[in-house]
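Under this note's numbering, the first residue of the sequence shown carries the number 1408, and numbering increases by one thereafter.
Only one structure is covered here, and it is reproduced in the block below.
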Amino acid sequence: MTTPQNTSIFPRGDKLPNEYFTGNAFLHPLLARDKNNEFAAGSVTFEPGARTVWHTHPKGQVLMVTEGEGFYQEKGKPARALKKGDVVNIPENAAHWHGASAHSRFVHIAITNYKGGENVVWLQPVSEAEYQEVNKQ
Ligand code: MN
């Protein structure tokens, strides 16, 4: 019998560093950049309340939500609530964050394009005030 804890598509993977992820977030790498694919793909699991810090991608990023409820927010814009099946096409160099809602686990596949050797630029953490504001909606 399948237990509710064992329904995820991909394994949870390894914990991501708190320098760039607030709370408990995990990465299961799916595909590394190679000679044909100028991107890396991975499944990212956020425990409730966990999120990225603000960051940008020099060639953009695509998120595909596979489980739970969370948010995507670009700087200066209202947050977008996300659920399983949602897709987000993130423009290049747009400051943003993504992560779980305060009360739900959240899992997405992230496809992150490279420009040269770089696919992400990390900025400052999402403050508790910024995060609480988004969770009110
Ligand atoms: Mn991102």
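Idealized CB from N, CA, C, for every residue including glycine.
In this structure, Asn1526 lies near His1464, with their beta-carbon atoms less than 8 Å apart. Contact between the region 1445-1452 and the region 1513-1531 is present, with at least three C-beta pairs closer than 8 Å. Leaving aside the five residues that flank Pro1418 on each side, the residues in its chain whose CB is nearer than 7 Å to its CB run, in chain order, His1435. Taking each of Thr1459, Gly1475, His1505, Gln1468 in turn and checking the Cα distance to Lys1522, the smallest one comes out for Gln1468.
Pairing Gly1456 with Ala1509 gives a Cβ-Cβ distance under 8 Å. The straight-line gap separating the alpha-carbon atoms of Gly1524 and Gly1475 is approximately 32 Å. Counting only unbroken stretches of 3 or more residues, the beta strand (DSSP E) elements lying wholly within the region 1479-1515 are 1487-1490, 1494-1497, 1503-1507, in sequence order. Every beta strand (DSSP E) stretch that sits fully inside the region 1419-1470 and reaches 3 residues is listed by chain position as 1432-1438, 1446-1453. Nearest to Ile1416 by alpha-carbon distance, out of Gly1492, Gln1531, Ala1507, is Gly1492.
Beta-carbon to beta-carbon, Phe1433 and Gly1420 are separated by about 5 Å, close enough to satisfy the 8 Å threshold. Burial check for Gln1544: the Cβ neighbour count within 10 Å stays below 16, so the residue is exposed.
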